[in-house]
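Worksheet: one structure, shown below.
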Amino acid sequence: MTIEAPQPTSARRAALPPIGLWWPMLEPTLQREVLEHPSAPLRRAVVRRIYELCELERLPGRDYVRLNENERAYLAGWTHTAAWE
Numbered sequence: 700m701t702i703e704a705p706q707p708t709s710a711r712r713a714a715l716p717p718i719g720l721w722w723p724m725l726e727p728t729l730q731r732e733v734l735e736h737p738s739a740p741l742r743r744a745v746v747r748r749i750y751e752l753c754e755l756e757r758l759p760g761r762d763y764v765r766l767n768e769n770e771r772a773y774l775a776g777w778t779h780t781a782a783w784e
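If you read the sequence shown in our numbering, its first letter stands for residue 700, the second for the next number, and so on.
As structure tokens, then:
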């Protein structure tokens, strides 16, 4: 078991709602943008749209928002499945 050291507040990743809720509803242009660079921080407009789709009002503060490993794995599976259609 590995214990990670606490990160400074400025380095913490702001949390997104569960990807299975918002990804299917996200507009194709924004989906393509996320898929182009899945490990890059998301633009504020993309995060705002995700929160709108999930009917959440409070956006994350100044922390950057980036997909975590599980969310990137979800997208990899989603693109693989979409390629078969």
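Glycine residues also receive a C-beta, built at the ideal position from the N, C-alpha and C atoms.
The alpha helix (DSSP H) that contains residue i, what's its start and end?
i    : result
A744 : R743 to L752
Report the residue from the options whose alpha carbon sits nearest the alpha carbon of residue i.
i    : options                   : result
L720 : H736, R748, P740 and E768 : R748
Assign residue i to one of three DSSP states: helix, strand, or coil.
i    : result
N829 : Residue coverage of the chain in this structure runs from 700 to 784, which leaves residue 829 outside it and unanswerable.
A714 : coil
E735 : helix
G760 : coil
L725 : coil
L720 : helix
L755 : coil
Can residue i be considered in contact with the ligand NAP, in the sense that its beta carbon sits closer than 8 Å to one or more heavy atoms?
i    : result
V745 : What this structure holds is no ligand at all, so the ligand NAP is not there to describe.
Among residues of its own chain, excluding the 5 on either side of residue i, which ones have a beta-carbon nearer than 8 Å to its beta-carbon?
i    : result
T778 : L734
R765 : R712, S738, A739, P740 and L741
Y773 : I718, G719 and W722
Does chain B have any CB closer than 9 Å to the CB of residue i?
i    : result
L734 : In the displayed structure, chain B is absent; only one protein chain is listed.
Can you list, in chain order, the residues of its chain with a C-beta nearer than 6 Å to that of residue i? Leave out the 5 residues immediately preceding and following it.
i    : result
E785 : Summary: the structure shown does not reach residue 785, with the chain confined to residues 700 through 784, and so no result is reported for it.
Problem - Given 8 Å, three or more beta-carbon pairs between the stretch 749 to 761 and the stretch 717 to 730 - result: Between the stretch 749 to 761 and the stretch 717 to 730, the count of Cβ pairs shorter than 8 Å is three or higher; the stretches touch.
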